[in-house]
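S.K.: Everything in the sequence shown is counted per the working numbering, starting at 638 for the first residue and increasing by one.
Can you read through this structure? Questions will come right after.
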Amino acid sequence: MSRFLLVAPPLTGHINPLVAVAAELTARGHEVEWCGYADRIRDAAGPAAVVHECALPEAGELVRPPTLTGPAAFRFLWEVFFIPLAEAMAPAVASAVHAFRPDAVVTDQHAVAGALVCERLGVPYFTSASTSAELVDPLADLPKVAAWLTGRLDALREAIGDPAATHDPRFSPYGVLAFTGRELVGDATLPWERVHLVGPAIAERPGDPDFPWEALDPSRDLVFVSLGTANTDAGARFLHEAAGALDLLADRVQGVVADPGGQLTDPPPGILVRPYVPQLELLGRARAVVSHGGHNTVCEALWHGLPLVIAPIRDDQPIVARQVAEAGAGIRVRFGRVDAPKLAEALRTVLDDTGGHRTAAAAIGRSMRVAGGRHAAADHLEQLVTAHPAASAGR
């Protein structure tokens, strides 16, 4: 039996892949504990998860102006959230390592406190990459922004890491578990040879006993609409247009809309609107997905062989949307400009497979299943511990 510490930020899309890996490690007889934010982690992993609680930065949860996009959104994300988050998390990560004495750590790519504390304490760690965007150098065309981020990460390393280290803390020298597939990354050269493309990590999640399954109409195609949990501030207009598109197709389509922010008021009849939904169960019944391009939702949809209509908002979403479109598995639309008729047209196209989107999505889904997901991730982690059997001695 080995001990694994998982370090995650308070972002659902970053936690979910690690929940699946934790379940697989536990099933193999290993001991797993978490370092992060107990409410978020236990919502996904269950109430029994052992969590070493971290402090939040002074700004609290991630909140951004709805109109903030592009490079400005990227700088805001790091300057106002990820960098302060690392500073706030570092003491708890160090305390968790000393208390739990893990054989290895898995730290999210954007919870860089995990990487920096591990390098300072000499603990082997894998990076968890919950998006494919960082694997294709998203700042290649923005050298000033890239230089700015490098400077901020160097300063952070001086404060909480090993000043002698030189590697990018977003990519562990021991290896990266990337929960994506080559079909999405395309022909891009990976950052280095120890990036393991394991595909999405799928595991059971807490269900929703109140979800009205009986309201689903088996004679119509189910379309799932979601903008994730981090975009509720920006989604009102788009969700109303999406509801209008579903209404235009009401003779053949039934929509289920995830709306955690309560933005979709007075939806057309026949559309189910819920603050939270059992997403994996719904995807198992759906025929298509309308999404903002969040990487987890995209990969889970493709894992189920579902074509997508994607309206990216910011962050990694434009990159993921481009990858889906280039792979032929979906149609990209303009988040701020698309209207109900255009959305309806895109949905018809993917549902009818006139552009081959369903065929491409099914092929990608098969390849993602072959990649191994949580099983492959657990294999790599066991190999890491085997390669460094004395790593936790003396801590």
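From the three backbone atoms N, C-alpha and C, an ideal C-beta is built for every residue, glycine too.
Quick caveat: nothing in here was measured; it's all calculated off a predicted structure.
What is the rounded straight-line gap between the Cα of Leu984 and the Cα of Ala925?
M.R.: Along the sequence shown, one-based indexing puts residue 984 at 347. Along the sequence shown, one-based indexing puts residue 925 at 288. Distance between the alpha carbons of Leu984 and Ala925 is about 8 Å.
S.K.: Could you give the distance in angstroms between the alpha-carbon of Pro828 and the alpha-carbon of Val835?
M.R.: Stepping through the sequence shown from its first residue, residue 828 is reached at position 191. Stepping through the sequence shown from its first residue, residue 835 is reached at position 198. Near 15 Å, if we compare the C-alpha coordinates of Val835 and Pro828.
S.K.: Pick from Ala741, Leu779, Ala784: whose alpha carbon is nearest that of Thr764?
M.R.: Here residue 764 corresponds to residue number 127 of the sequence shown, with the count starting at 1. It is Ala741.
S.K.: Within its chain, find whatever has a CB closer than 8 Å to the CB of Asp936; leave out the 5 residues flanking it on each side and keep chain order.
M.R.: To locate residue 936, count along the sequence shown from 1; it is residue 299. A small correction: the amino acid at residue 936 is Cys; Asp does not occupy that position in the sequence shown. Hits under 8 Å: Phe816, Thr817, Gly818, Leu821, Gly836, Pro837, Met1005.
S.K.: Can you round the beta-carbon distance between His994 and Ala958 to whole angstroms, since I take them to be within the 8 Å contact cut?
M.R.: The sequence position of residue 994 within the sequence shown is 357, counting from 1. The sequence position of residue 958 within the sequence shown is 321, counting from 1. Contact annotation, His994 with Ala958: C-beta distance approximately 13 Å; criterion of less than 8 Å not satisfied.
S.K.: Which full runs of the alpha helix (DSSP H) of 4+ residues lie inside the segment 706-743, going along the chain?
M.R.: 707-713, 720-737
S.K.: What number of angstroms, rounded off, separates the C-alpha of Ala1024 from the C-alpha of Gly812?
M.R.: Numbered from its first residue, the sequence shown carries residue 1024 at position 387. Numbered from its first residue, the sequence shown carries residue 812 at position 175. Those two C-alpha atoms are separated by around 12 Å.
S.K.: Assuming Val754 contacts Leu793 (C-beta within less than 8 Å), just tell me the rounded distance between them.
M.R.: Locating residue 754 in the sequence shown gives position 117, counting from the first residue. Locating residue 793 in the sequence shown gives position 156, counting from the first residue. Between Leu793 and Val754 the Cβ distance is about 11 Å, and since that is not below 8 Å, they are no contact.
S.K.: In the DSSP assignment, what are the bridge partners of Arg640?
M.R.: Position 3 of the sequence shown, counted from the first residue, corresponds to residue 640. DSSP links Arg640 through a beta bridge to Glu668.
S.K.: What first and last residue would you give for the beta strand (DSSP E) that runs through Glu690?
M.R.: Counted from its first residue, the sequence shown places residue 690 at position 53. Its beta strand (DSSP E) spans residues 688-690.
S.K.: Which whole runs of the beta strand (DSSP E) in the segment 793-861 are 3 residues long or more, in chain order?
M.R.: 813-815, 832-834
S.K.: Cutting at 8 Å between CB atoms, please list the residues of its own chain near Ala723, excluding the five before and the five after it.
M.R.: Numbered from 1 along the sequence shown, position 86 holds the residue referred to as residue 723. Closer than 8 Å at Cβ, skipping near neighbours: Ala748, Val749, Ala750, Leu753, Leu793, Ile797.
S.K.: Span of the alpha helix (DSSP H) holding Gln954?
M.R.: On the sequence shown, residue 954 is found 317 positions in, with the first residue counted as 1. Per DSSP, Gln954 belongs to the alpha helix (DSSP H) from 954-963.
S.K.: Exposed or buried, which one is Glu841 when buried takes at least 16 other CB atoms within 10 Å?
M.R.: As a first step, residue 841 must be located in the sequence shown, where it is residue number 204. Exposed: under 16 other Cβ atoms inside 10 Å.
S.K.: Excluding five sequence neighbours on each side, which residues of the same chain lie with their C-beta closer than 7 Å to the C-beta of Ala882?
M.R.: As a working note, residue 882 is residue 245 in the sequence shown. Counting only Cβ-Cβ distances below 7 Å, and skipping sequence neighbours, we find Ala977, Leu980, Ala981, Leu984.
S.K.: How is His1025 classed by DSSP in three states: helix, strand or coil?
M.R.: Position 388 of the sequence shown, counted from the start, is the residue given in the question as residue 1025. Coil, per DSSP.
S.K.: Report the option in Phe861, Asp858, Trp715, Pro775 whose CA atom is closest to the CA atom of Leu790.
M.R.: As a first step, residue 790 is located in the sequence shown; it is residue number 153 there, counting from the start. Nearest C-alpha to Leu790: Trp715.
S.K.: At what residues does the alpha helix (DSSP H) containing Arg889 begin and finish?
M.R.: Position 252 of the sequence shown, counted from the first residue, corresponds to residue 889. Note, Arg889: premise wrong, no alpha helix (DSSP H); not H, not E.
S.K.: Would you tell me roughly how many angstroms separate the C-alpha atoms of Ser863 and Ala873, rounded to the nearest one?
M.R.: Along the sequence shown, read from residue 1 onward, the residue named residue 863 stands at position 226. Along the sequence shown, read from residue 1 onward, the residue named residue 873 stands at position 236. If I take the Cα positions, the gap works out to 12 Å.
S.K.: Considering only their Cβ atoms, is the gap separating His929 from Ile908 smaller than 8 Å?
M.R.: The residue given as residue 908 occupies position 271 in the sequence shown. The residue given as residue 929 occupies position 292 in the sequence shown. Contact: no.
S.K.: Whole angstroms are fine: how far does the CA of Arg712 sit from the CA of Ala784?
M.R.: Counting from 1 along the sequence shown, the entry for residue 784 is found at position 147. Counting from 1 along the sequence shown, the entry for residue 712 is found at position 75. When only Cα atoms are considered, Ala784 and Arg712 end up about 12 Å apart.
S.K.: Is the beta carbon of Leu939 sitting closer than 8 Å to the one on Gln891?
M.R.: The residue given as residue 939 occupies position 302 in the sequence shown. The residue given as residue 891 occupies position 254 in the sequence shown. No. Outside cutoff.
S.K.: In this structure, does DSSP put Ile652 in helix, strand or coil?
M.R.: Numbered from its first residue, the sequence shown carries residue 652 at position 15. In this structure, Ile652 counts as helix in the three-state DSSP scheme.
S.K.: With distances taken from CA atoms, which of Leu814, Ile839, Val946 is nearest Glu830?
M.R.: Within the sequence shown, numbered from 1, the residue matching residue 830 stands at position 193. Selected option, being the one with the closest Cα: Leu814.
S.K.: Ile678 and Val669: beta carbons closer than 8 Å?
M.R.: For this step, residue 678 is matched to residue 41 along the sequence shown. For this step, residue 669 is matched to residue 32 along the sequence shown. Not a contact, by the Cβ cut-off of 8 Å.
S.K.: Helix, strand or coil: how does DSSP classify Leu909 here?
M.R.: Reading the sequence shown from its first residue, position 272 is the one you call residue 909. Here Leu909 sits in strand by DSSP.
S.K.: What's the gap between the Cα of Leu772 and the Cα of Ala1013?
M.R.: As a working mapping, residue 772 is identified with position 135 in the sequence shown. As a working mapping, residue 1013 is identified with position 376 in the sequence shown. When rounded, the distance between both Cα atoms is 19 Å.
S.K.: Should Arg1003 be labelled buried (16 or more other beta-carbon atoms within 10 Å of its own) or exposed?
M.R.: For the purposes of this step, residue 1003 is taken as residue 366 along the sequence shown, with counting starting at 1. Exposed.
S.K.: Per DSSP, what kind of secondary structure is Gly1031 in: helix, strand or coil?
M.R.: Position 394 of the sequence shown, counting from 1, holds the residue named residue 1031. Low local confidence applies: a pLDDT of 39 at Gly1031 is under 50, so the model's placement there is unreliable, and no value is given.
S.K.: In whole angstroms, what is the alpha-carbon distance linking Arg857 and Ile720?
M.R.: Along the sequence shown, read from residue 1 onward, the residue named residue 857 stands at position 220. Along the sequence shown, read from residue 1 onward, the residue named residue 720 stands at position 83. Approximately 47 Å, taken between the alpha carbons.
S.K.: What is the rounded straight-line gap between the Cα of Ala1000 and the Cα of Ala880?
M.R.: On the sequence shown, position 363 is the one that residue 1000 refers to. On the sequence shown, position 243 is the one that residue 880 refers to. Whole-angstrom Cα-Cα distance: 29 Å.
S.K.: Among Leu901, Phe718, Ala777, Ala657, which has the Cα closest to the Cα of Gly683?
M.R.: In the sequence shown, the residue the question calls residue 683 occupies position 46. Checked all of Leu901, Phe718, Ala777, Ala657; the closest Cα to Gly683 is Ala657.
S.K.: Which partner residues does Thr764 have in the DSSP bridge list?
M.R.: In the sequence shown, residue 764 corresponds to position 127, counting from 1. Bridge partners of Thr764: Thr744, Val813.
S.K.: The alpha helix (DSSP H) spanning Leu919 covers which residue range?
M.R.: Reading the sequence shown from its first residue, position 282 is the one you call residue 919. Note, Leu919: alpha helix (DSSP H), 916-920.
S.K.: Name the one or two DSSP bridge partners that Val926 has.
M.R.: Along the sequence shown, one-based indexing puts residue 926 at 289. Val926 pairs with Phe861, Leu945.
S.K.: Please report the residue range of the alpha helix (DSSP H) in which Arg677 lies.
M.R.: Locating residue 677 in the sequence shown gives position 40, where the first residue counts as 1. Where Arg677 is concerned, the enclosing alpha helix (DSSP H) stretches over 675-682.
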